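Those letters in the sequence shown? Residues 1 to 293, per UniProt numbering, in order. Below is one structure, written out as structure tokens, with a few remarks after it.
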Amino acid sequence: MTTSERQKPVFRFAPSPNGPLHLGHALSALLNRDMAEAEQARLLLRIEDIDQTRCTPEFEAGILRDLEWLDISWESPVRRQSEHFPEYQAALHELIERGLVYPAFLTRGEVKARVVAYEAAGESWPRDPDGTPHYPASDRERPADEWRDMLTSGKKHAWRLDMRKALDLIGELLFWTETGDGRTGEIAAEPDVWGDVILSRSDAPSSYHLSVVVDDALQGVTHVVRGLDLFHATSVHRLLQVLLGLPQPVYHHHRLILGADGRKLSKSQGDSGLGELRAQGMSGADIRRLVGL
Ligand code: GLU
Numbered sequence: 001m002t003t004s005e006r007q008k009p010v011f012r013f014a015p016s017p018n019g020p021l022h023l024g025h026a027l028s029a030l031l032n033r034d035m036a037e038a039e040q041a042r043l044l045l046r047i048e049d050i051d052q053t054r055c056t057p058e059f060e061a062g063i064l065r066d067l068e069w070l071d072i073s074w075e076s077p078v079r080r081q082s083e084h085f086p087e088y089q090a091a092l093h094e095l096i097e098r099g100l101v102y103p104a105f106l107t108r109g110e111v112k113a114r115v116v117a118y119e120a121a122g123e124s125w126p127r128d129p130d131g132t133p134h135y136p137a138s139d140r141e142r143p144a145d146e147w148r149d150m151l152t153s154g155k156k157h158a159w160r161l162d163m164r165k166a167l168d169l170i171g172e173l174l175f176w177t178e179t180g181d182g183r184t185g186e187i188a189a190e191p192d193v194w195g196d197v198i199l200s201r202s203d204a205p206s207s208y209h210l211s212v213v214v215d216d217a218l219q220g221v222t223h224v225v226r227g228l229d230l231f232h233a234t235s236v237h238r239l240l241q242v243l244l245g246l247p248q249p250v251y252h253h254h255r256l257i258l259g260a261d262g263r264k265l266s267k268s269q270g271d272s273g274l275g276e277l278r279a280q281g282m283s284g285a286d287i288r289r290l291v292g293l
């Protein structure tokens, strides 16, 4: 890469190959392309396939086919997250060593049972913006030698960020610059609404939150353009960036394409993918119009 290439802004489209792309993805990819072109920027494609149980090479091949059909081009090589687990693990270990992350031993079922019991007693339990109950504090409050023994015994666990400790350490409000379709300007991050987020699971060495901030930094991404469904996740991303000493991109969260009944498009709900629209005879230009560009 030449020096002038290196100085250009960097955009990225980062789909997960766990299903076919639909119109919402098309809007995201086309906006990334249009905005990158307007800024004479580089455009990267990143395949976010950390969830190896749901992501497949077939879906990835479908994504490449759909993007080519939309006339979108990107730089090679494409970064595939499943090939970079050691980088995410290094970031996780840094946080573990600094005591900001703890091993969480409760299973999903155990957490659910606690929340149900609590709520049955008429108490309210905090939930994150996706509606998932916060993780109970019991592991966080376990003495370090106890969790060390549990780790040595090989008990399955995830690694969770100690949100309280992380926020105490930073001790100031965090902001991000937002240029998207919702609130814009300097947005105050509210990572605490997420509770102790998962950074790594027993069956996946990195979480979405951890790998996305590590990759955006490693790839020199300056502009993150993605759907408004990830607006609140940005609070966690800002916090991780500060904890790990990573630069902050500008964020642009765009409107979502909703189904006829007003809900977010999703393949599992039977919404047609781009491949199906192509098979019905639509062109890339038709898709641009359909997503309102
Ligand atoms: N991989 C995420 C998705 O497909 C997008 C992540 C991002 O753009 O930060 O929803």
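Just so you know, even glycine gets a beta-carbon here, dropped at the ideal spot from N, CA and C. Here the structure is a predicted model, which is why all the values come from computation and not from measurement.
For residue 208, the enclosing alpha helix (DSSP H) has its first and last residue at 208–218. Residue pairing by DSSP places residue 188 opposite 175 in a beta bridge. Distance from the C-beta of residue 230 to the nearest heavy atom of the ligand GLU is below 7 Å.
Taking non-hydrogen atoms of the ligand GLU into account, the C-beta of residue 212 is found less than 7 Å away from one of them.
C-alpha of residue 52 to C-alpha of residue 206: approximately 11 Å in a straight line. Residue environment analysis places residue 116 among the exposed positions, since fewer than 16 neighbouring C-beta atoms fall within 10 angstroms of its C-beta. Under the three-state reduction of DSSP, residue 194 is assigned to helix.
Taking 7 Å as the cut-off, the C-beta of residue 207 does not count as close to any heavy atom of the ligand GLU. Straight-line measurement puts the Cα of residue 197 at about 31 Å from the Cα of residue 77. Pairing residue 118 with residue 261, the inter-Cα distance amounts to about 34 Å.
Restricting attention to beta strand (DSSP E) runs no shorter than 3 residues, the segment 89–145 encloses them at 101–104, ordered along the chain. The beta carbon of residue 173 lies closer than 7 Å to those of 188 in the same chain, with the five residues before and after it left out. For secondary structure counted as the alpha helix (DSSP H) over 4 or more consecutive residues, the segment 1–84 holds these complete runs in sequence order: 3–6, 23–38 and 57–69.
A distance of 8 Å or more separates the beta carbons of residue 254 and residue 44.
Secondary structure note for residue 161: its beta strand (DSSP E) is the uninterrupted segment 158–161. Of the candidates 111, 220, 290 and 274, the residue whose Cα lies closest to the Cα of residue 6 is 220.
In this structure, residue 197 has its CB at a distance of at least 7 Å from all heavy atoms of the ligand GLU. Rounded to whole angstroms, the gap between the alpha carbons of residue 136 and residue 124 is 13 Å. Between the alpha carbons of residue 217 and residue 247 lies a gap of roughly 6 Å.
Of the residues assessed, residue 40 falls on the exposed side of the cut-off, its CB having fewer than 16 other CB atoms within 10 angstroms.
Residue 177 is a Cβ neighbour of residue 250, given a cutoff of 8 Å.
Straight-line spacing of the CA atoms in residue 138 and residue 49 works out to 31 Å.
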